[in-house]
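Scroll down for the structure; my scribbles are underneath it.
Protein chains: 2
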Amino acid sequence: MSPQTEAADGQVVALTGGIGGAKLCLGLQRILPPGALRVIVNTGDDFEHLGLAICPDLDTTLYTLAGLANAQLGWGRNEETWTFLRVLESLGGPTWFRLGDADLALHVERTRRLRAGETLTSVTSDLSRRLGVCSEIMPMSDQPVRTMVDTTDGELAFQEYFVRRRCEPAVIGLRFCGADHAQVAEAAAQACRAPSLRAILIAPSNPYLSIDPALAIPGMREALRAGGVPVIAVTPIVAGTAVKGPTAKIMRELGLSPSPLTVCEHYRGLIDGFVLDERDARLAAAMDLPVRLCDTLMQTIEDRERVARCALELAADLA
Amino acid sequence: MSPQTEAADGQVVALTGGIGGAKLCLGLQRILPPGALRVIVNTGDDFEHLGLAICPDLDTTLYTLAGLANAQLGWGRNEETWTFLRVLESLGGPTWFRLGDADLALHVERTRRLRAGETLTSVTSDLSRRLGVCSEIMPMSDQPVRTMVDTTDGELAFQEYFVRRRCEPAVIGLRFCGADHAQVAEAAAQACRAPSLRAILIAPSNPYLSIDPALAIPGMREALRAGGVPVIAVTPIVAGTAVKGPTAKIMRELGLSPSPLTVCEHYRGLIDGFVLDERDARLAAAMDLPVRLCDTLMQTIEDRERVARCALELAADLA
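Taken in sequence, the protein lines are chains F and X.
For the first sequence, the positions run 180 to 498 when the working numbering is used.
For the second sequence, the positions run 180 to 498 when the working numbering is used.
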């Protein structure tokens with residue numbers, strides 16, 4: 180069966196965090212039939228800033244799948260202007276979180292609708308549709324979960340750590356505040372048990388910062404296994420380092436070896452297969468589950484499609 | 180005594196609404212020594228929109244006195260961009276209230292500080308200073324007062340009437356929701372009893388929409404009279420019509436003759452003198468208080484200074 184034919188069958192769920200995960204999702208969206216991709220997104224990074232409900236990973240996913248991501252910056256929206264932030268600075272307001280004028284509209288409108296009583300699932304679905312996204316983007320939960328980073332400088336809210344402090348303080352531990360009392364969003368749970376589902380992919384996002392917040396929600400692991408389809412993780416670690424972001428740094432700070440083996444072990448009991456980078460081929464023999472080798476660096480659109488196809492092929496092999 | 184010498188003595192308080200009043204305030208600021216002008220601003224137009232605390236008259240005053248008013252539009256800020264509103268529209272958000280990207284920063288920062296527990300007086304004072312305004316701009320009250328317009332289409336919140344419906348529905352009555360329980364802001368009351376105060380001016384704003392909300396606050400009339408200085412009103416009606424805005428239309432709808440005599444009568448017991456437009460000179464004899472004639476149209480900067488000087492001269496005559 181060719182990859183093209185495979186791609187035409189059934190739905191795929193991806194569990195993802197921010198930029199790296201969004202690249203895989205874009206690859207998936209491009210090779211799957213329209214509407215076949217359901218993306219469950221980390222909301223542990225969400226925070227309130229300037230009175231606005233900001234959801235960085237949902238927005239990265241949304242902008243990426245809508246073709247609106249800012250390629251120059253690597254984050255935020257394209258065709259952006261910065262008048263708001265410039266004036267906010269002149270007024271003495273907090274400018275460490277860089278909010279563009281276009282990006283701001285999304286935060287303001289989402290906040291307005293949340294305050295009016297809508298769920299984050301509902302608002303996200305509608306805004307995605309309005310921006311022309313054919314995939315379904317959904318938060319992991321409609322209740323707040325907040326990733327708190329315990330560091331050598333004390334405990335920091337995620338964005339304080341990630342943006343304001345640029346991941347500089349060493350990480351001692353992580354806490355997903357609210358996760359105990361959060362529920363898996365109904366749309367996310369439904370996506371995982373759809374009869375036509377054929378694979379669940381765990382994107383190459385930071386396992387500790389971006390995937391663990393979802394896994395900390397009671398019932399999320401069970402929901403991911405409920406459909407009985409193969410669950411495949413794509414490695415976020417290539418040749419001992421992270422492609423982007425602080426994954427390897429955090430792993431070392433937590434006393435973990437920054438190796439795909441560590442990530443694979445971290446997902447034990449959850450995943451059925453692992454997409455390993457071909458640069459780490461020698462590690463395949465040490466893994467006790469099915470592995471597929473792939474060049475997992477995603478610089479071009481074709482790279483994103485290649486990694487997506489590789490993960491789906493592994494899932495098809497295991498189905 | 181020449182106007183220049185007069186202008187060097189003591190402080191002046193202006194009670195004002197929006198655009199027309201801000202023109203007089205700019206004239207006053209230009210002829211008075213720096214810091215001598217205290218502006219008490221209507222907040223009956225304030226409303227919450229998109230979760231933001233928006234204060235249109237405070238902002239008009241602030242932008243005008245900071246030299247940041249948008250001369251092309253006649254409202255809002257100069258050097259404005261509109262990315263936010265364009266994107267908000269694409270997201271299906273409400274765009275009837277035109278928020279520019281620069282203007283938005285003021286609303287967001289003010290809202291943030293109000294939510295953190297600051298008073299509107301404190302936030303306004305600090306933001307004015309940051310924008311380089313040498314005069315003191317202060318709200319009439321730190322408690323919410325909301326102008327509700329009873330119309331032939333039912334009762335409308337002020338901005339619904341003024342912006343969304345463009346003042347089209349006929350006005351039956353006005354109500355200043357919250358005024359009964361509001362207090363005159365302490366800074367405003369202090370400004371009115373400053374020992375060096377020499378005049379209080381009522382700007383040529385709409386008496387019913389922009390000045391009455393302040394006068395409806397218990398103690399405001401007494402506060403304006405407390406310093407024992409002349410209180411002077413500048414006519415908002417010239418030759419039977421309003422220079423700008425719906426004043427004359429509303430007066431007719433309320434069964435009032437759109438004449439300076441009606442305005443003068445409306446302020447009876449509060450004012451000691453009246454600046455009448457020279458086009459209405461024939462009405463001076465019908466007024467039972469001191470009147471000074473002036474060309475009150477304020478198109479140029481010199482016009483604004485002339486009207487300001489005329490009002491101060493009348494106050495000096497009555498001191």
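For every residue, glycine included, the Cβ atom is placed at its ideal position computed from N, Cα and C.
Entirely enclosed beta strand (DSSP E) segments - the segment 340-390 of chain F, minimum 3 residues: 350-356, 376-381
Cβ distance (whole Å) where Leu468(F) is taken to contact Phe453(F) below 8 Å: 6 Å
Alpha carbon of Ala412(F) to alpha carbon of Val266(F), nearest angstrom: 44 Å
Rounded Cβ spacing between Ile210(F) and Ser320(F) (contact assumed at less than 8 Å): Rounded, the Cβ-Cβ distance is 28 Å, inconsistent with contact.
Residues that Glu288(F) contacts on chain C, provided the C-beta gap is smaller than 7 Å: Looking for chain C here will not work: the only protein chains present are F and X.
Cβ-Cβ distance between Gly196(X) and Asn385(X) below 7 Å: yes
Alpha carbon of Leu216(X) to alpha carbon of Leu203(X), nearest angstrom: 11 Å
Cα-Cα separation, Pro439(F) to Tyr340(F): 25 Å
Below-7 Å beta-carbon distance, Thr303(F) vs any chain X residue: no
Beta-carbon neighbours of Phe263(F), restricted to chain X and to distances below 8 Å: Phe263, Asp280, Ala281, Leu283, Ala284, Val287
Cβ-based contacts, 7 Å cut-off: residues of the segment 221-235 of chain X near chain F: Leu229, Gly230
8 Å Cβ cut-off: residues of chain X touching Thr260(F): Thr260, Thr262, Asp280
Min CB distance Ala490(F) to chain X below 7 Å: no
Rounded separation between Met317(F) and Arg483(F) - CA only: 21 Å
For Ala490(X) and Thr184(X), the rounded distance between their alpha carbons: The predicted position of Thr184(X) is uncertain, since its pLDDT is 40 and thus under 50; a value taken from the coordinates is nonetheless stated next. Thr184(X) and Ala490(X): Cα-Cα distance of roughly 15 Å.
Where Ala187(X) falls, given that 16 or more other Cβ within 10 Å makes a residue buried: Confidence at Ala187(X) is low in this model, with a pLDDT of 48, below 50, so its placement is unreliable and no value can be given for it.
Which listed residue (Ala366(X), Glu259(X), Asp280(X)) has its alpha carbon closest to that of Phe263(F): Asp280(X)
Local conformation of Met319(F) per DSSP, three classes: coil
Candidates Thr274(X), Gly206(X), Asp474(X), Asp282(X): closest to Tyr242(X) by CA position: Asp282(X)
7 Å Cβ shell around Asp240(X) - same chain, five flanking residues per side excluded: The displayed chain sequence assigns Thr, not Asp, to residue 240(X). Closer than 7 Å at the Cβ level, and outside the excluded window around Thr240(X), lie Thr195, Ala201, Cys204, Val218, Val220, Ile316.
Gln478(X) classed as buried or exposed, judged by whether at least 16 other C-beta atoms fall within 10 angstroms: exposed
Chain X contact residues for Leu205(F), given Cβ-Cβ distances below 7 Å: Those do not exist, as Leu205(F) stays about 20 Å from chain X at its closest Cβ, beyond 7 Å.
Contact between the segment 333-353 of chain F and the segment 372-384 of chain F (3+ Cβ pairs under 8 Å): no
Option nearest Ala349(F) by Cα separation, candidates Arg471(F), Leu433(F), Val470(F): Leu433(F)
Pro409(F) and Asp451(F) closer than 7 Å at C-beta: yes
Closer than 7 Å to chain X by CB, Glu185(F): Bear in mind that a pLDDT of 44 at Glu185(F), under 50, signals an unreliable position, so the model cannot answer this.
As assigned by DSSP and simplified to three states, the class of Ala245(F): coil
Arg471(F) versus Thr303(F) - alpha carbon distance: 33 Å
Cβ-based burial, Thr420(X) [other Cβ within 10 Å; buried from 16]: exposed
Beta-carbon gap between Arg458(F) and Val422(F) smaller than 7 Å: no
DSSP beta-bridge partners of Arg325(F): Cys356(F)
Closer than 7 Å to chain X by CB, Arg343(F): no
Reference Leu278(F), options Leu394(F), Ala336(F), Gly255(F), Leu403(F), closest by Cα: Gly255(F)
Short Cβ contact (7 Å threshold) for Pro425(X) with Cys346(X): yes
Nearest to Arg325(F) (by Cα), restricted to the options Glu444(F), Leu247(F), Leu353(F): Leu353(F)
Candidates Asp391(F), Met399(F), Ala382(F), of which the one nearest Ala367(F) by Cα: Met399(F)
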